[in-house]
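Per this note's numbering, the sequence shown starts with residue 186, numbered consecutively.
Every residue, glycine too, gets a C-beta built ideally from N, C-alpha and C.
In what follows, a single structure is set out as structure tokens and then discussed.
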Amino acid sequence: MAVMGVQVVVTLLAASLMQKLAPHCSFARWLLCNGSLYRYKHPTDEELCALAGKQRPRSRRDRRAGGVAEDKELLVPCDIELQLDTSPITAVDALVLRYFLEYQWFVDFAVYAGAVYVFSEGYFCLASPARESNLGVLWCLLTLLFCLKVFLMVLRHYFRSEEGGERSVCLSAALFFLLLAMLALLVQE
């Protein structure tokens with residue numbers, strides 16, 4: 186440890202723990218899949234057929250054929266009493282979400298970066314080394330860079346979508362936060 190330094194050892198230990206523990210225990214996966222979020226299960230075709238009742242044929246040819254043809258699509262009225270079952274979100278359900286893996290990696294990295302930062306600040310308070318740079322700050326800067334990367338990925342996805350609603354929300358939020366930043370600069374302390 187005298188050759189590398191305490192902070193480098195802690196950084197390597199955190200990186201190793203992050204690599205080994207991420208598939209088995211993840212703080213981000215626990216946040217989403219701890220049982221507090223639920224999803225609705227879609228009804229089966231048999232349930233929809235039972236709730237829709239007997240379908241009336243639309244055209245004369247279908248009426249002469251003696252009922253509803255099997256290859257026709259099922260028309261379900263809007264005013265049926267449909268009870269949807271709920272189930273808690275599991276890790277398998279979350280894997281199909283578009284940016285779940287990026288979210289999981291980023292949140293886990295931020296937790297490890299926070300732990301390294303707290304350790305390095307404690308080390309600087311107790312030992313007060315003279316010629317060492319604080320590697321906890323480097324971890325925090327990496328967290329900010331990864332946050333910016335994920336933000337730009339989502340923003341690119343919103344701007345490439347066919348509908349313009351997401352683009353309008355992004356632009357209005359950007360202008361709102363620009364206004365807040367300008368107000369913060371104008372306010373005298």
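Nearest neighbour of S272 by Cα position, chosen from L202, L371, C218, turns out to be C218. Taken in chain order, the unbroken stretches of alpha helix (DSSP H) that lie wholly in the region 256 to 299 and span 4 residues or more are 276 to 280.
Cα atoms of G220 and Y288: separation of roughly 18 Å, rounded to the nearest angstrom. Between the region 323 to 331 and the region 279 to 296 there are three or more C-beta pairs closer than 8 Å, enough to call the two in contact.
Annotation for R316: no alpha helix (DSSP H) segment contains it, and DSSP assigns it neither H nor E. Between C234 and the set C325, L222, I265, A295, the nearest pair of CA atoms involves I265. DSSP assignment within the region 333 to 374 yields the following whole alpha helix (DSSP H) runs of 4 residues or more, N-terminal first: 350 to 371. Across the structure, V296 and S313 are spaced so that their CA atoms are roughly 24 Å apart. When DSSP assignments are scanned along the region 196 to 245, the uninterrupted stretches of alpha helix (DSSP H) that are 4 or more residues long and fall wholly within it turn out to be 212 to 218, 230 to 237. Of all C-beta pairs linking the region 204 to 218 to the region 339 to 349, fewer than three are shorter than 8 Å, placing the two stretches out of contact.
In the structure shown, the three-state DSSP call for G307 is helix.
Rounded to whole angstroms, the gap between the alpha carbons of L260 and A237 is 7 Å. Look at G190 here: in three-state DSSP terms it is coil, with no helix or strand label. Between the C-alpha atoms of A359 and L311 there is a straight-line separation of about 42 Å.
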